[in-house]
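Visitor: Numbering (the working numbering), first residue to last: 7 to 91. All C-beta atoms, glycine included, are put in the ideal place defined by N, C-alpha and C. Just passing along the structure, written as structure tokens.
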Amino acid sequence: MKLRKMLKTKMRKSPKMLLRANMMLKKRLMKKKTFLKKMRMLKKKMLKKMRTLKKKMLKKRMMLEMWRRVTGIVDPGAVAETDTL
7 MKLRKMLKTK MRKSPKMLLR ANMMLKKRLM KKKTFLKKMR MLKKKMLKKM
57 RTLKKKMLKK RMMLEMWRRV TGIVDPGAVA ETDTL
């Protein structure tokens, strides 16, 4: 905000000060753009990481279920067929 005020005041009459204020304003805008770009990249990275974690967990769960079926171990919550008789 100081830069914009500086542009509006008597300092704007000096071409050197005007140029300096414009350069500082542009620099600030570029910093903001790069910051936003970095945040977008971090967000994409985080989403990708979450997706891979979900895939790994799903794969692990499926492998565990297959192992239980092969070894004959049933879930504790499941009702065995012999118990109903």
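Have a look at Leu24 and Lys37 and give me their C-alpha separation to the nearest angstrom.
Guide: As a first step, residue 24 must be located in the sequence shown, where it is residue number 18. As a first step, residue 37 must be located in the sequence shown, where it is residue number 31. Each residue's Cα considered, the two are about 20 Å apart.
Visitor: Please report how far the alpha carbon of Arg46 lies from the alpha carbon of Leu59, in whole angstroms.
Guide: If you number the sequence shown from 1, residue 46 lands on position 40. If you number the sequence shown from 1, residue 59 lands on position 53. Spanning the two alpha carbons is a distance of roughly 20 Å.
Visitor: Measure the alpha-carbon distance for Met30 versus Lys49 and round it to whole angstroms.
Guide: Residue 30 sits at position 24 when you count from the first residue of the sequence shown. Residue 49 sits at position 43 when you count from the first residue of the sequence shown. Approximately 29 Å between the Cα atoms of the pair.
Visitor: When you compare only the Cα positions, how much space is there between Arg74 and Arg67?
Guide: Along the sequence shown, read from residue 1 onward, the residue named residue 74 stands at position 68. Along the sequence shown, read from residue 1 onward, the residue named residue 67 stands at position 61. So the two alpha carbons sit approximately 11 Å from each other.
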